[in-house]
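What follows is a short report on a single structure.
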Amino acid sequence: MSHLLVTGGAGFVGANFVHHVLAHTDHRVTVLDKLTYAGNRASLAGLDPTRFTLVEGDINDAPLVDQLVAGTDATIHFAAESHNDNSLTNPRPFVDTNIVGTYTLLEAVRKYDARLHHVSTDEVFGDLELGSPERFTESTPYMPSSPYSSSKAASDMLVRAWVRSFGVRATISNSSNNYGPFQHVEKFIPRQITNVLRGIRPKLYGDGRNVRDWIHVDDHSAAVLAVLERGRVGETYLIGAEGERNNKDVVETILEEMGHPRDAYDRVTDRPGHDLRYAIDSTKLRTELGWQPRFTNFTAGLRATIQWYRDHEPWWAPMKIASELRYAAHELRLDDMTG
Ligand code: NAD
Ligand code: DAU
């Protein structure tokens, strides 16, 4: 049995990982989370207090991070500013948390010779042509497009340097787009589901041809656990479940599943620098670590996710108004920029 430190465990992917670990292992978990607008205590409510603790704090608080790293067996690093649209409006917190925060954590794991798993994104590779057979692999060159993805790319590079220069025992995973319970309503799928539940028309950026490679968050959690337990130190593993879909198709499927006409959505100003297509080749993860996704039917996974948001309105209602107000201000700014 191990004691895991999970940074960012009150966010979407981190909270799902905590639930997964507590359900499928006998590890103990301590979460370190700043509880920004994206962190939510309610996502961790009801967990066994003998195996789970939440510490509210910043990954840039070096003495606190030192103390927590020293008192645990391994750290899984999810904490980040995670939303591309926000990074276009105000990049600063992305630099502070994603780059400087990762540096702070690396110095602590270096000091205590602790095991680290760094959770990252496929966006570090930039984007692919629509319709091409190409997919990202562990050797694809980094070519990030947005302030968010460039800050994650910088954090990956720091981890690699700390492995090579200081012998830090770290692994990295780069995943495609996760979906499932507890995702903040600013993100594409929950934004459209909760829009429909509120009687607001879904919003599609541009022509909606952009492709994302969707993976259920529980499959992501299982993959991260596999890398933590069986991955080779110093290695990177790409996580993806062959879930390519364009945004137009996703929004139309949401509308259909919720009993509305497939065309009952609005097209809005496109995201500046909008990446066209992501696609993951996860051969290394599958062959080396024996990981397989369980959620292979995207429409069924989406249906279950829609049901989760129907059943958990008290979880998302407080953040919905604030999120849509941020989008209204964001759209005004974009209209100014594009004339
Ligand atoms: P999220 O925004 O839902 O959660 C981020 C969490 O980090 C929040 O709980 C927030 O309070 C916390 N946090 C932010 N700044 C902090 C700080 N300075 N100190 C401590 N905690 C802080 O994000 P997410 O979607 O759950 O993503 C989590 C991680 O997974 C990120 O590193 C992201 O890059 C990566 N990732 C996400 C996806 C995805 O599809 N969501 C895909 C690939 C990789
Ligand atoms: O690929 C992994 C990444 O996936 C993670 O690293 C990020 O943390 C995560 O947020 C996600 O990034 P995206 O930018 O792909 O996700 P988002 O949910 O913001 O948007 C998904 C797609 O939907 C993207 O092409 C933009 C589009 N979109 C988004 C919103 C919010 C819309 O068309 N309308 C919308 O209202």
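Residue 3 is where the sequence shown starts when you use our numbering, and the numbers rise one by one after that. Don't be surprised by glycine CBs; every beta carbon is placed ideally from N, CA and C. Since the structure is predicted, the reported quantities are computational estimates derived from the model, not experimental observations.
In terms of DSSP beta bridges, what is S177 paired with?
Sequence index remark: in the sequence shown, residue 177 carries index 175 (1-based). The partner list for S177 (beta bridge, DSSP) reads T123, I241.
Can you tell me whether K389 sits near the ligand DAU, meaning its C-beta is under 8 Å from at least one heavy atom of the ligand?
As shown, the chain starts at 3 and ends at 341. That puts residue 389 outside it, with no answer to give.
For E246, the first and last residue of its enclosing beta strand (DSSP E):
Sequence index remark: in the sequence shown, residue 246 carries index 244 (1-based). 246-248 is the extent of the beta strand (DSSP E) around E246.
Please classify G182 as buried or exposed, where buried requires at least 16 other C-beta atoms within 10 Å of its C-beta.
Start at 1 with the first residue of the sequence shown, and residue 182 comes out as number 180. Classification for G182: buried.
Assess, as a yes-or-no matter, whether the segment 283-301 is touched by the segment 150-159 under the definition of 3 or more beta carbon pairs within less than 8 Å.
no
Could you tell me the alpha carbon to alpha carbon distance between A266 and N100, rounded to whole angstroms?
Sequence index remark: in the sequence shown, residue 266 carries index 264 (1-based). Sequence index remark: in the sequence shown, residue 100 carries index 98 (1-based). Computed Cα separation, rounded: 37 Å.
Can you tell me where the alpha helix (DSSP H) holding T106 begins and where it ends?
Numbered from its first residue, the sequence shown carries residue 106 at position 104. Looking at the DSSP string, the run of the alpha helix (DSSP H) that includes T106 is 104-113.
Hey, how far is the Cα of A25 from the Cα of A224?
The sequence position of residue 25 within the sequence shown is 23, counting from 1. The sequence position of residue 224 within the sequence shown is 222, counting from 1. Spanning the two alpha carbons is a distance of roughly 11 Å.
Are there any heavy atoms of the ligand DAU lying less than 8 Å away from the beta-carbon of E244, as far as the coordinates show?
Within the sequence shown, numbered from 1, the residue matching residue 244 stands at position 242. Checking the Cβ of E244 against the ligand DAU gives no.
Distance CB(F138)-CB(L240) smaller than 9 Å
Your numbering for residue 138 matches position 136 in the sequence shown. Your numbering for residue 240 matches position 238 in the sequence shown. For F138 and L240, yes; Cβs fall inside 9 Å.
Rounded straight-line distance, which links the Cα of R117 to that of F168
The sequence position of residue 168 within the sequence shown is 166, counting from 1. The sequence position of residue 117 within the sequence shown is 115, counting from 1. C-alpha separation (whole angstroms): 13 Å.
Any heavy atom of the ligand NAD closer than 8 Å to the Cβ of T32?
Along the sequence shown, one-based indexing puts residue 32 at 30. T32: no, Cβ never under 8 Å from the ligand NAD.
Compute the minimum distance between the beta carbon of N249 and the heavy atoms of the ligand DAU, and state whether it is under 8 Å.
Translated into the one-based positions of the sequence shown, residue 249 becomes position 247. Because some heavy atom of the ligand DAU lies under 8 Å away, the Cβ of N249 counts as near it: yes.
Using only the alpha-carbon positions, how far apart do A163 and L108 sit?
Here the question's residue 163 lines up with position 161 in the sequence shown. Here the question's residue 108 lines up with position 106 in the sequence shown. Going by the C-alpha atoms only, they are around 10 Å apart.
With a threshold of 7 Å on Cβ separation, who are the neighbours of Y23 within its own chain once the five nearest residues in sequence on each side are excluded?
Residue numbering aside, residue 23 sits at position 21 when the sequence shown is read from its first letter. Looking at the sequence shown, residue 23 is not Tyr but Val. Result list for V23: L6, H29, V31, L227, in chain order.
For V219, which of G201, G245, G236 has the nearest alpha-carbon?
By 1-based counting over the sequence shown, the position of residue 219 is 217. V219 has its Cα closest to that of G245, out of G201, G245, G236.
For G233, which residues in the same chain have their Cβ closer than 7 Å to its Cβ, ignoring the five residues on either side in sequence?
Residue numbering aside, residue 233 sits at position 231 when the sequence shown is read from its first letter. Result list for G233: T173, Y239, L291, in chain order.
Host alpha helix (DSSP H) of L90 (start-end)
Here residue 90 corresponds to residue number 88 of the sequence shown, with the count starting at 1. First-last of the alpha helix (DSSP H) with L90: 86-91.
Under 9 Å between C-beta atoms of L336 and P274
As a working mapping, residue 336 is identified with position 334 in the sequence shown. As a working mapping, residue 274 is identified with position 272 in the sequence shown. Yes, Cβ-Cβ distance for L336 and P274 is below 9 Å.
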